[in-house]
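Before any comments, here is the structure.
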Amino acid sequence: MPSAREIRVRMNSIQQTRKITNAMYLISSAKLRKAKQEWDQTRPYFQALKAEVKRIFRTSGHVESRYLYPDEGEMPLTGTYGCLVITADKGLAGGYNSNVMNLAVEHMKGFEESNIFCIGQMARDFLEQRGMQIDIEFTHVIQDPTLYHARQIAETIVELYDQNLLDEVFVVYTRRVTAMEQRPEVVRLLPVREEDFDDVPGLVKETDHDQILYEPSVTELMDQLIPQYLIGMIYSALVQSFASEQCARMNAMDSATRNANEMLDKLSHELNRARQSAITNELAEIIAGADALKG
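For the sequence shown, counting from 1, position 138 maps to 137 in numbering that gives the first Met the number 0; every step adds exactly one.
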């Protein structure tokens, strides 16, 4: 059995660790509230934008744009495609980083040529360790998911797409389902399909087909709206990833704090037994000394 002094030293170390894990839990909780507030403030605009794109599809019949899938349907897995991978800048978040990176690697196996766009130091380190080349890295983004950063990323992707350097673009991120569940997902950014807007509530009737005229043309209008829609998609992925990271870290830190409390309880019992054992030994020595004096 360790001595009482050794147990006290270990208890002090665990108490310091518990303070750190509890502080990290509180910090993640505050960051999560801030991210939810910012997303709630901007979500109505992007929902209205998606609704307007859906309105154009519903009222214009045949729509042509360089950002839409061709009429022949699903494009084959050939050509050059881009993959935007979003992770955290640091660990201590349970399986958050490993889950999204494993999904990204699995997804990229089906494509011949790929351009990898990284957000988060964990993604960069993970992919470089596996011999994968990072084409563009967006630094200092995931800890501050703002519209400004989303616009910069979207403009870079659209520019490469317009130059025919990319045929398809995907984003791999983590969606926050609940406070206890975070789900990694793969979503296509470009080109878009009409089915991508099915989740928007219907705002037009079939009889509106002959009542709307678009100037200068539907094609030019879509060429302006789709990049704005892309900004909203990337911003949503950034905020969802950031919120998922904070939830995962809160769960990990809460679990670590509870484990520290359990360890402290066990060590407290061990400390009491060690003290009792020391007292018993002292009493035994006193009694033995008294018996010796009597003899």
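Glycine included, every Cβ here is placed at the ideal spot set by N, Cα and C.
Under a Cβ-count criterion, where at least 16 other Cβ atoms within 10 Å of its own Cβ denotes burial, should residue i be classed as buried or exposed?
i: Gly130; result: exposed
i: Asn163; result: exposed
i: Glu167; result: buried
i: Tyr24; result: buried
i: Leu159; result: buried
i: Ile156; result: buried
i: Leu292; result: exposed
Is there a Cβ of chain C sitting closer than 9 Å to that of residue i, yes or no?
i: Ile6; result: The chain labelled as chain C is not found in the depicted structure, where only one protein chain is given.
Can you give me the C-alpha to C-alpha distance between residue i and residue j, rounded to a whole angstrom?
i: Tyr172; j: Thr16; result: 31 Å
i: Asp198; j: Cys82; result: 23 Å
i: Leu67; j: Val238; result: 25 Å
i: Ser113; j: Met262; result: 48 Å
i: Thr41; j: His106; result: 30 Å
Please name the residue in the options whose C-alpha comes closest to that of residue i.
i: Gly93; options: Met262, Lys265, Leu263 and Arg248; result: Arg248
i: Gly119; options: Met232, Asn260 and Ser97; result: Ser97
i: Gln46; options: Met252, Gly231, Ile285 and Ala283; result: Gly231
i: Val191; options: Met179, Leu229, Gln181 and Glu180; result: Leu229
i: Phe196; options: Ile55, Ala34 and Gln36; result: Ile55
i: Ser360; options: Asp39, Gln14 and Ile13; result: Outside the shown range of the chain, which is 0 to 294, sits residue 360, and nothing can be said about it.
i: Lys49; options: Gln227, Arg123, Asn258 and Cys82; result: Gln227
i: Ala103; options: Ser216, Asp253 and Arg123; result: Arg123
i: Glu154; options: Ala251, Ile233, Ser267 and Ala277; result: Ile233
i: Thr218; options: Ser59, Gln151, Tyr80 and Asn250; result: Ser59
i: Ile115; options: Glu63, Gly288, Asp290 and Leu165; result: Leu165
i: Thr177; options: Phe169, Phe137, Asn250 and Glu105; result: Asn250
_Check whether the region 182–192 and the region 262–279 touch, using three or more Cβ-Cβ pairs below 8 Å as the test._
No, because fewer than three Cβ pairs between the region 182–192 and the region 262–279 fall closer than 8 Å, the two stretches do not touch.
Tell me whether the region 222–237 and the region 3–18 touch, counting them as touching only if at least three CB pairs, one residue from each stretch, are closer than 8 Å. Pairwise C-beta distances place the region 222–237 out of contact with the region 3–18, as fewer than three of them are shorter than 8 Å.
| said: Give the list of continuous beta strand (DSSP E) stretches no shorter than 3 residues that lie fully inside the region 107–137. | reply: Unbroken beta strand (DSSP E) runs of no fewer than 3 residues, entirely contained in the region 107–137, are found at 112–118 and 135–137, following chain order.
- Message: Check whether the region 23–30 and the region 234–250 are in contact - that is, three or more C-beta pairs closer than 8 Å.
- Response: Output reads yes: the region 234–250 touches the region 23–30.
- Using 8 Å as the threshold, is the region 134–144 in touch with the region 84–96, meaning 3 or more CB pairs across them? The region 134–144 makes contact with the region 84–96; the number of CB pairs closer than 8 Å reaches 3 or more.
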